[in-house]
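Accompanying notes for the structure given below.
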Amino acid sequence: MQLSKSLLLVVAATITCAFAKDCGKGYNYCGDNLLSIGNYLDQMVQEASDNGRSSGNAMVSYLYKCVDAGDRAGPGVIEFIEDCAKGNGWHCSDNGGGNNDSCKAGS
31 MQLSKSLLLV VAATITCAFA KDCGKGYNYC GDNLLSIGNY LDQMVQEASD NGRSSGNAMV
91 SYLYKCVDAG DRAGPGVIEF IEDCAKGNGW HCSDNGGGNN DSCKAGS
């Protein structure tokens with residue numbers, strides 16, 4: 031019985047890794063998009079802390095850059111750009127695949 035549980039855990043971990051992917055270097059992403067493409071939660075929490083921001087649900091409204099140059103560059107490394115929830119309808123906008131996400135006013 032123990033062997034089958036271990037095997038199940040290995041298979042589950044393999045499937046999870048197969049579907050997770052890195053962000054595209056140089057692209058900007060809304061927090062919710064990062065969470066949907068990979069395991070970015072720990073980095074998002076760290077970036078929020080490093081920039082004096084809330085590490086709660088607000089992180090999905092933050093705009094991040096997938097680092098493409100400098101000391102921190104590497105597969106899937108992100109950095110905080112700005113908080114898009116500025117009030118008056120401002121939000122982080124998913125601008126589609128191959129495009130940078132951005133902060134926008136309105137709905």
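Numbering (the numbering used here), first residue to last: 31 to 137.
Note that the Cβ used here is the ideal one computed from N, Cα and C, for glycine as well.
Being a predicted model, the structure only gives us computed values, none of them experimental.
Worksheet item: Quick one: any contact between the segment 92 to 102 and the segment 52 to 71, if contact means 3 or more CB pairs under 8 Å?
Response: At 8 Å Cβ cutoff, the stretches touch.
Item to complete: Measure the Cβ-Cβ separation of residue 92 and residue 102 and say whether it is below 9 Å.
Response: Judged by beta-carbon spacing, residue 102 lies beyond the 9 Å limit of residue 92, meaning their Cβ atoms are not closer than that value.
Fill in: Local Cβ density within 10 Å of residue 71, reported as buried at 16 or more and exposed below that
Exposed.
Fill in: Span separating the alpha-carbon of residue 123 from that of residue 107
Roughly 21 Å between the two C-alpha positions.
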